[in-house]
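Under my numbering, think of the first position of the sequence shown as 1, with each following residue one higher. All C-beta atoms in this analysis are idealised placements derived from N, C-alpha and C, irrespective of residue type, glycine included. As the structure is a prediction and not an experimental result, all values here were calculated from the model.
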Amino acid sequence: MSSASAIITALSDLTHNPKLEHYDPHVCRDIHIKLDKEAREQGLSYDERFEMAKKNMSVYNKWASIFPAGISQCLKEYWKERMSTAPLDPRFPNTNQTKRCWVNYVDYHRCMEMKNDDKVCGYFKHLYNDLCPPEWVSKWDEQMERGVFPGIHD
């Protein structure tokens with residue numbers, strides 16, 4: 001998915017379909033599913049998907065010249081969703097995101113203890129890096145190294 005050929009391959013059956021000149025939310029959902037499936041098959045981490053989305057949005061006009069208008073709009077939506085900052089989490093409806101920052105930091109480290117796979121746990125890391133002040137993360141990392149971090153108990 002990091003290359004143009006992977007995206008074209010994933011959507012090859014859609015490149016020359018005249019019915020797709022107009023936006024269709026059902027087709028768009030199917031495209032998002034195809035692209036996510038391709039990313040999973042390539043083993044892309046959350047951060048790699050984020051970077052891929054940023055790169056593709058920067059050359060969106062080229063994609064618009066390859067695909068019909070309806071598909072181009074779907075691609076634009078897909079990349080905007082994937083490169084957005086921490087998405088809405090209904091568990092944290094308030095403006096103050098301090099608790100959300102903390103929960104994602106703790107969830108990342110719990111996930112790493114269980115899975116030890118940054119591709120699996122990277123979503124939480126991406127969120128806490130987006131939500132938490134760097135000073136807090138540095139302090140918590142130091143506490144983790146010393147074994148005195150208050151959020152995770154053995």
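Hey, quick one: how far does the alpha helix (DSSP H) through Asp47 stretch, first residue to last?
-> Translated into positions along the sequence shown, residue 47 becomes position 47. Segment Tyr46 to Ser58, the alpha helix (DSSP H) holding Asp47.
Taking the alpha helix (DSSP H) that Pro87 falls in, what are its first and last residues?
-> Counted from its first residue, the sequence shown places residue 87 at position 87. Following the DSSP letters along the chain, one finds Pro87 in no alpha helix (DSSP H), marked with neither H nor E.
Kindly provide the ranges of any beta strand (DSSP E) runs that are 3 or more residues long and lie completely inside the region 87-138, ordered along the chain.
-> The qualifying runs do not exist here; there are none.
Whose CA, out of Glu41, Ser72, Asp47 and Lys55, lies closest to the CA of Gly122?
-> Looking up residue 122 in the sequence shown gives position 122. If we check each option's Cα against that of Gly122, Asp47 comes out closest.
In its own chain, which residues sit with a C-beta less than 8 angstroms from the C-beta of Thr85, not counting the 5 before and 5 after it?
-> Position 85 of the sequence shown, counted from the start, is the residue given in the question as residue 85. These residues qualify, in order along the chain: Asp130.
Residue nearest to Lys125 in terms of C-alpha spacing, selected from Val106, Pro25 and Glu145 | Taking the sequence shown and counting its residues from 1, the one referred to as residue 125 is at position 125. With respect to the C-alpha of Lys125, the residue from Val106, Pro25 and Glu145 having the closest C-alpha is Val106.
Report all residues from its chain with a CB closer than 7 angstroms to the CB of Arg100; omit the five preceding and five following residues, and keep chain order.
-> For this step, residue 100 is matched to residue 100 along the sequence shown. Correct list, in chain order: Asp89, Phe92 and Leu131.
Tell me where the alpha helix (DSSP H) around Glu21 begins and ends.
-> To locate residue 21, count along the sequence shown from 1; it is residue 21. That residue, Glu21, is in no alpha helix (DSSP H); it is neither H nor E in DSSP.
Cβ-Cβ distance between Lys115 and Ser45 below 8 angstroms = Residue numbering aside, residue 115 sits at position 115 when the sequence shown is read from its first letter. Residue numbering aside, residue 45 sits at position 45 when the sequence shown is read from its first letter. The beta carbons of Lys115 and Ser45 sit no closer together than 8 angstroms.
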